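Undergrad: The structure follows.
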Amino acid sequence: MTTHTCRCGATFTADPAGRLRHQMLHGHRPTTPALRDIWAEALKAEKDGAA
21 MTTHTCRCGA
31 TFTADPAGRL
41 RHQMLHGHRP
51 TTPALRDIWA
61 EALKAEKDGA
71 A
């Protein structure tokens, strides 16, 4: 999977969910229904993977 490096130096997956997860670390919030759906799916996937 492709990764992206932020100006802060952190690396994250370059898919929409990975980008959103990293933006949340900087205090950004999803602003559109589509982004909120991606964010919700990413959180669900993390919970399912951690269980």
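Just so you know, we're using my numbering here: the sequence shown kicks off at 21 and counts up by one. Heads up, the beta-carbon is just placed ideally off N, CA and C, and yes, glycines get one too. Computed from a predicted model, the values in this text were never measured in an experiment.
Cutting at 6 Å between CB atoms, please list the residues of its own chain near Ala60, excluding the five before and the five after it.
TA: Nothing meets the Cβ criterion.
Undergrad: Along the alpha helix (DSSP H) that carries His42, what are the first and last residues, could you check?
TA: It spans 36-45 - the alpha helix (DSSP H) in which His42 sits, taken as one unbroken run.
Undergrad: Excluding sequence positions up to five away, which residues of its chain have a Cβ less than 7 Å from the Cβ of Leu2?
TA: Outside the displayed range of the chain (21 to 71) lies residue 2, so it cannot be described from this structure.
Undergrad: Indicate the three-state DSSP secondary structure (helix, strand or coil) for Ala71 in the structure shown.
TA: Any reading at Ala71 is ruled out, since the residue's pLDDT is 46, under 50, leaving its predicted position unreliable.
Undergrad: Rounded to whole angstroms, what is the Cα-Cα separation between Gly38 and Phe32?
TA: Distance between the alpha carbons of Gly38 and Phe32 is about 6 Å.
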